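Chemist: Structure incoming, see below.
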Amino acid sequence: MNKEQADKLLEKYYKGETELDEEALLKDFIAGEEETFADEQLIFDYYKEEAKIPEGLEDQLLKGFMQQQKPNKTIKLHWMRYASVAAVLLLGVVFWFSGYQKHQQMLAADEQFALMERALMEVSIGVQPPENDEVVVLFKDENLEIIAK
Numbered sequence: 020m021n022k023e024q025a026d027k028l029l030e031k032y033y034k035g036e037t038e039l040d041e042e043a044l045l046k047d048f049i050a051g052e053e054e055t056f057a058d059e060q061l062i063f064d065y066y067k068e069e070a071k072i073p074e075g076l077e078d079q080l081l082k083g084f085m086q087q088q089k090p091n092k093t094i095k096l097h098w099m100r101y102a103s104v105a106a107v108l109l110l111g112v113v114f115w116f117s118g119y120q121k122h123q124q125m126l127a128a129d130e131q132f133a134l135m136e137r138a139l140m141e142v143s144i145g146v147q148p149p150e151n152d153e154v155v156v157l158f159k160d161e162n163l164e165i166i167a168k
């Protein structure tokens, strides 16, 4: 490869239009021509160093990530568990109390009705004439009652 071809490949490389085999050819050529392409050699060296990932980095990152995540999950789960239990208990108390109040109101209404019924019975007994076995009802209508002694 000559300098003109290398310049064309570099232009193509900077536009992002090169293929992997062209990039490898360009890197090999520039490595041999350090004086002419010193700036490009620095760029390729930088990217070569950048591309190397230290061994075990993924494992370390994953391990650190899992250690950070575990305590937060357990705290959240305990907090949510207690909050849900409290919410269920609160709802149960509210429903029980509302049902209890309705029950008490029904009992109070029943007691008031029974009291009114007793009072009316007392009044009714007080206004009725005493029973007399000698009196015979001959005729009874809404407005008229005929009795015989």
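Numbering (the working numbering), first residue to last: 20 to 168. Note that the Cβ used here is the ideal one computed from N, Cα and C, for glycine as well. Note that this is a predicted model, so its numbers are computed, not measured.
Check the DSSP bridge columns for A167 and list the partner residues they point to.
Modeler: Bridge partners of A167: V155.
Chemist: Between G111 and A127, what straight-line distance do the alpha-carbon atoms span, to the nearest angstrom?
Modeler: Taking the straight line joining both Cα atoms gives about 24 angstroms.
Chemist: Give me the Cβ distance between V154 and E164, rounded to the nearest whole Å; I'm assuming they're in contact under 8 angstroms.
Modeler: That pair is no contact at about 10 angstroms.
Chemist: Exposed or buried, what is A25 when buried is set at 16 or more other beta-carbons lying within 10 Å of its beta-carbon?
Modeler: Classification of A25: buried, given that the 10 Å Cβ count is 16 or more.
Chemist: What does the alpha-carbon distance come out to for the pair G51 and L61?
Modeler: Rounded to the nearest angstrom, the two C-alpha atoms are 13 angstroms apart.
Chemist: Cα separation between F158 and A167?
Modeler: Computed Cα separation, rounded: 10 angstroms.
Chemist: To the nearest angstrom, how far is it from the Cα of K46 to the Cα of E59?
Modeler: If I take the Cα positions, the gap works out to 9 angstroms.
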